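Numbering of the sequence shown is given in the UniProt record's numbering, commencing with residue 30 and proceeding in unit increments.
No residue lacks a Cβ here, since even glycine has one placed at the ideal position from N, Cα and C.
Predicted model, so just to flag it, every value in this text is computed and none were measured.
Just below is one structure, and these are the notes that go with it.
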Amino acid sequence: KPIPPHVIVLFGATGDLARRKLIPGLAHLLLSDLAPDIQVVGTSLEDYTTEQFREFAHKAIEEFSHRDVEKATWAEFGDKVSYVPTGAGPDALAKAVGEAEQRLGGRAERLHYLSVPPAAARQVIKTLKDADLVERAGVVMEKPFGTDLASAISLNNEVHQTFDESQIYRIDHFLGKEAALNILAFRFANGLFEPIWNRNFIDHIQIDIPETLGLDRRANFYEVTGAYKDMVVTHLFQVLAFVAMEPPTALEPRAISEEKNKVFRSMLPIDPNEVVRGQYTGYRNEDGVARDSDTETFIALKCGIDNWRWAGTPFYLRTGKRMAEGQRIISIAFKEAPKSMFPLGSGVGQHGPDHLTFDLADESKVSLSFYGKRPGPGMKLDKLSMQFSTQETDSAAAVLEAYERLILDAMRHDHTLFTTAEGIESLWERSAPLLLNPPPVRNYPPGSWGPNAIHQLVAPHAWRLPF
Ligand code: BG6
């Protein structure tokens, strides 16, 4: 179905997310003809003119677009971008949107993208109401949605006073990654793995997302957010739901949300004793960071889903900034063979259990590791692996970046890959013990895998990374 003409109103237009992902993504959607009829109205606290914002956008694309945006095609996108400072007030915003609509030939739909921290979301909703930009509009809200249960409920109530639930798209971009969607395809389009996808055959699961990236220009956001709220209660738990949920009755929004929400409701409350909070050495000296900051830049934890499928199966999660490698893996460790008939020293069991690994990189990868015989005399075993990577297929060029797919879905009014208020509220509820009683942060050297306590956390298992 073709996408109807849209004005995209980008709040936080000069922020880090806009620069890295949203502006390059919108340029790609427009130039690749996936969404040819869009106009972008940027707005933020910055006192830019449209010309200055175009320059900002151009630089962002040059620096961060994975695709070739040539000079000529840049002009094609640049012409469709305008800017109005948030300080100019709701009327100025309304006027800019009206003009953009005129350039699209009259009445267009609107997509308001709130690339702003949770504390600013309320004000933006008010501005949209005052500017009379609620009709024909969708509103995309960035994570984290609230900062705890009470604030999530109150933000939700407030948004509902202006927008209908059908207009709201709570975004979690990990759910738009090709590789995350591939989990659904892998699990539910094949008969091979689903019968063993449970506590009887799976020993434990790891969702491990170390980043080499540091704070960049985001100290203000990060200081009040930290790794748990920035990554775990959002991306890692959402991905966990894809891994753990029951087969939905259909591949449509309600059915999928229902199953995901059941996972969240079955999740055991996060026990602060099973959490390692870390802060990289030197964090407190970064610009914009308090000298006695208690914000965690790293977190590892053990959690459990207390239902028939998963009771007793540990889920280990880890993520952090300035770590040794940038990886995004989900690793399913299968139980070992009940008895070994292979001679001692043959190698069986020495290299850990068999694993199925999903790599959430833009080029999705799936690999399965297992024991096999080493060629030659005797019976020596090695860990072998089978791999699939989209990078090696003809369809590599068709890969959509997560934000591109989700913006496209919102313009199509498709809620399938967005999160629900109920799900988010359950997650805040499960997080309450940790939020109330966080363990002290432990230091870890930049470029490492986190504080030493991470090994105890997973014992008798071991972290799968580094490979
Ligand atoms: C964002 C977080 O939501 O996700 C960032 O705010 C993090 O801190 C980013 O770096 C990771 O996303 P991706 O797609 O690059 O893995």
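Quick check: is any heavy atom of the ligand BG6 less than 6 Å from the C-beta of residue i?
i	result
D259	yes
For residue i, which residues from the same chain have a beta carbon less than 7 Å from its beta carbon, with the 5 sequence-adjacent residues on both sides left out?
i	result
L397	L385, S414, M415
E454	L178, A181, I182
T115	T72, S73, L74
A209	F203, V268, F271, L389
M440	I32, H35, A64, L140
residue 4	Any question about residue 4 goes unanswered here, given that the chain covers just 30 to 496.
R434	G205
V69	I37, L39, L55, K109, V110
E365	G378, P382
I285	P277, T445
L297	C332, G333, D335
P119	T156, D159, A160
D316	A248
Kindly give me the distance between the Cβ atoms of residue i and residue j, rounded to whole angstroms, as I take these residues to be in contact under 8 Å.
i	j	result
P475	R351	4 Å
I231	F363	6 Å
N219	S393	Rounded, the Cβ-Cβ distance is 15 Å, inconsistent with contact.
L55	I32	No, L55 and I32 are not in contact; Cβ-Cβ is about 12 Å, not under 8 Å.
L486	A329	6 Å
I234	I361	6 Å
V327	A256	Reading the sequence as shown, one finds Phe at residue 327 and not Val. 6 Å between Cβ atoms; contact.
P239	T348	7 Å
P462	D300	6 Å
V153	I197	With a Cβ gap of about 13 Å, V153 and I197 do not count as contacting.
E138	R165	5 Å
D391	E421	The pair is not a contact, with the Cβ atoms about 14 Å apart (cut-off 8 Å).
G107	R83	5 Å
L60	E105	7 Å
V470	D323	6 Å
V261	L346	6 Å
A47	S144	5 Å
What residues in its chain sit with their C-beta under 8 Å from that of residue i, if we drop five residues either side in the sequence?
i	result
A319	E252, R313
K258	P173, T176
W339	N227, R228, A273, S295, G333
M408	F371, P372, S375, K402
P367	none
L242	K350, R351, G355
R151	L184, E187
CB-CB under 6 Å to residue i, same chain, minus the five flanking residues each way: which ones, in chain order?
i	result
K50	Y432
A86	I52, V110
H444	P282
I358	D237, T386, D388
R493	Q235, S360
L293	The amino acid at residue 293 is misidentified as Leu; the sequence shows Phe. Result list for F293: G452, S455, L456, in chain order.
A121	V113
D76	P114
Any 3 or more C-beta pairs closer than 8 Å across the segment 164-175 and the segment 256-275
yes
Do the segment 185-196 and the segment 140-160 touch if we need at least three Cβ pairs shorter than 8 Å?
yes
Report yes or no: do the segment 440-458 and the segment 287-302 share at least 3 C-beta pairs separated by less than 8 Å?
yes
Examine the Cβ distances between the segment 371-384 and the segment 238-257 and report whether three or more of them are shorter than 8 Å.
no
So does the segment 298-307 actually touch the segment 272-282, counting three or more Cβ pairs closer than 8 Å?
no
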